[in-house]
Amino acid sequence: MAQVEFRNVGLKYHTVTGEVAALTEVNLTIKDEEFVSIVGQSGCGKSTLLSLISGLLKPTTGEVLIDGMAVTGTSKRVGYMLQQDYLFEWRTILDNALLGLEIRREKTPEAIAEVREMLKVYGLGGFEHYYPPQLSGGMRQRVALIRTLATRPDVLLLDEPFSALDYQNRLSVGEEVVRILRERKKTVIMVTHDIPEAVSMANRVVVMTPRPGTIRSIHKIKMCDEGLTPLQTREAPQFREYFTAIWKELNADA
Amino acid sequence: MPKNNFSPEHERYLRHLRQKAFLVRISQLLLLVGFFILWEVAARYGWINAFIFSQPSKVWNATIRLATQGGLWKHLGWTVGETVLGFSVGTFAGIILAILLWWSEFFARVMDPYIVVLNSVPKVALGPIFVVWLGTTITAVIAMAISISIIVTIMMMHTGFQEVDPNKVKLVRTFGATKGQVLRKVIIPASVPTMIAALKVNVGLSLVGTIVGEFLASKAGLGYLIVYGGQVFNMSLVMASVLLLSVISVILYYGVTLLEERVGRGGVRETHSA
């Protein structure tokens, strides 16, 4: 159970030459177990939204709430996946997957057993003692996902998680990640500038305006509610309509 | 080479590579042997003044004499000992100071101009000061060796720390890592290659520091032998010491390379304790 809420959130960056309004008046509620994609041009502050939920940044005005509680710092309830896997090359696959637990001092024998099980389930069974450079991009991304899931977050933040993969892998890893996240009933917020990716995975797509970023529109994607996988959604007849509508909106701002 | 079922073309390619490598080795060896032969011949036929330039056979005799009655091992031991000590302390203290600079950006900004100045000052100029403060002792020699290696270590390591991918730091911060955890889990393990590079530079620098230190303040060691030999115009002793010095520097450098290979083979472990 986790619901994320932005209440009138604004954020300003300060530099020597002046201040920059990155976000202004963001109001958004992401429901429990919902998958929301956020699209917008570069620099519209969409990644900043994730940093606010994760507690790495604090809003200048307004507040961010998880289940009604204001976010004040990093929280065990939130897991963050960055644009690349950032697996540490000096750690084995297993040790990489255990990184989050280790930092939170929760590396119990049971937790380790659970991570090993996850590695096995997601096709990394024989690779526990390999080092990251020995794995393919798709496998590494799965390790990164397991590293995030290992700390049992309720809310997952994905910051263009597939951008480092080639197109073929992007589709298959995306398909897999969505399946895993639905299975585990996570609330997911994904930032991307790939419109098809945003539409194919999400219950709702949020379109942001250019800086200072705020919400321009929200598109409800009915395929996801019907339980279609990303690949099935891409083949649905309405897919193109969603794509065109969102593309036009983003293009109007360019 | 065991049979690997390679095609004849591939065998030919491999043989070509091996021949080339062999040729390089042979040429390197010939260059060295040729140099010594030319030196010896030139001295014997009086093309060069053997009193000033010495000659390989005399250098060899001087080495033997050192080994049998001149305390060769004592001198080698002093130089190697002082170098290793200066090198270890300089590197270790340099890394600790670099960590402090990384820890406090304020401290780093305050120290910046001083480090730049200390880096550009020729540390050898400090030699006489160490001698006055510490006397003509081994301590003065080691202080010289440390002073040459420590500033470079600080600068190399601090730069290395700052160049660690900020996204790796962000990753552990999303898990709620403390500053100490960022240091232990990311900064230090990610900087191991920089550390090895610093060690490699420091091996050479510490040797420079030790020799200069011995010039000024020692009654033993290769630096002392070189100065002594120069003063009594025993050029064979000087040449022998210089050649021994090159052998030592190669061995020390090779030692660090061995360490690098061990670390490179996945031997890096983080400072444990979660």
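Sequence lines, in order, name chains A and B. One point on numbering: in the numbering used here, the residue at position 245 of the first sequence is 245, and numbering is uninterrupted. One point on numbering: in the numbering used here, the residue at position 24 of the second sequence is 1024, and numbering is uninterrupted. Even for Gly, the Cβ is constructed at its ideal location relative to N, Cα and C. Note that the structure is predicted; figures quoted are calculated from it, not measured.
- Here N1202/B is near G1090/B, since their CB atoms are less than 8 Å apart.
- Excluding residues up to 5 positions away in sequence, G137 lie with their Cβ nearer than 8 Å to the Cβ of D166/A in the same chain.
- The shortest C-alpha to C-alpha distance from Y1224/B to any of L1029/B, W1078/B, Q1181/B, S1246/B is the one to W1078/B.
- 8 Å or more divides the Cβ of G68/A from the Cβ of R7/A.
- Around the beta carbon of Y1114/B, a 10 Å sphere encloses fewer than 16 other beta carbons of the protein chains shown; the residue is thus reported as exposed.
- The C-alpha of I1151/B lies about 11 Å from the C-alpha of A1145/B.
- Residue ranges of uninterrupted beta strand (DSSP E) with 3 or more members, entirely inside the stretch 135-198 of chain A and ordered along the chain, are 155-159, 187-191.
- Scanning its chain for C-beta atoms nearer than 7 Å, with the 5 sequence neighbours on each side dropped, one finds around V1141/B the residues E1082, T1210, G1213, E1214, A1217, S1218, in chain order.
- Going by DSSP, R216/A is part of no alpha helix (DSSP H) but of the beta strand (DSSP E) stretching over 215-220.
- Contact check between the stretch 113-130 of chain A and the stretch 157-172 of chain A: fewer than three CB pairs, one atom from each, fall below 8 Å, which does not count as touching.
- Of L1030/B, P1189/B, S1149/B, G1160/B, the smallest CA-CA separation from L1085/B is found for S1149/B.
- Secondary structure of Y13/A (DSSP, three-state): strand.
- Considering only S1206/B, L1076/B, F1022/B, the residue with the shortest C-alpha distance to L1243/B is L1076/B.
- Under the 8 Å Cβ criterion, the stretch 197-215 of chain A counts as touching the stretch 44-52 of chain A, having at least three qualifying pairs.
- K1179/B is outside the set of residues whose beta carbon lies under 8 Å from a beta carbon in chain A.
- Proximity of T151/A to chain B, defined by a Cβ-Cβ separation below 8 Å, is satisfied.
- The straight-line gap separating the alpha-carbon atoms of A111/A and M118/A is approximately 11 Å.
- Counting other Cβ atoms within 10 Å of its Cβ, G213/A reaches 16 or more and is therefore classed as buried.
- Rounded to whole angstroms, the Cβ separation of L156/A and T148/A is 7 Å, and the two are in contact under 8 Å.
- Taking each of K222/A, F35/A, T108/A in turn and checking the Cα distance to E183/A, the smallest one comes out for F35/A.
- With a cutoff of 8 Å on beta-carbon distance, P230/A and M190/A are scored as not near each other.
- Every alpha helix (DSSP H) stretch that sits fully inside the stretch 1177-1261 of chain B and reaches 4 residues is listed by chain position as 1179-1182, 1192-1217, 1222-1231.
- Going by beta carbons, L82/A and N96/A fall outside the 8 Å limit.
- Taken through DSSP and simplified to helix, strand or coil, S1054/B comes out as coil.
- Sorting L1258/B, Y1253/B, S1246/B, M1239/B by C-alpha distance to the C-alpha of P1056/B places M1239/B at the top.
- For G100/A, the chain B residues whose Cβ falls inside 7 Å of its Cβ are F1175, in order along the chain.
- Under DSSP, F6/A shares a beta bridge with L28/A, V64/A.
- The C-beta distance from F243/A to I180/A rounds to 25 Å, too long to fall under 8 Å, and the pair is not in contact.
- With contacts defined by Cβ atoms closer than 8 Å, V177/A and L145/A form a contacting pair.
- Its Cα nearest to that of P1122/B, the residue V1208/B stands out among V1208/B, L1031/B, S1241/B.
- Counting only the Cα atoms, T1137/B lies some 48 Å from V1172/B.
- Taking CB atoms only, T192/A has no neighbour in chain B less than 8 Å away.
- Between the C-alpha atoms of V1024/B and Y1253/B there is a straight-line separation of about 21 Å.
- As DSSP reads the structure, L23/A sits in a beta bridge with L11/A, G213/A.
- For V1121/B, there is no enclosing beta strand (DSSP E), as DSSP marks it with neither H nor E.
- For K1074/B, the closest Cβ of chain A is not nearer than 8 Å.
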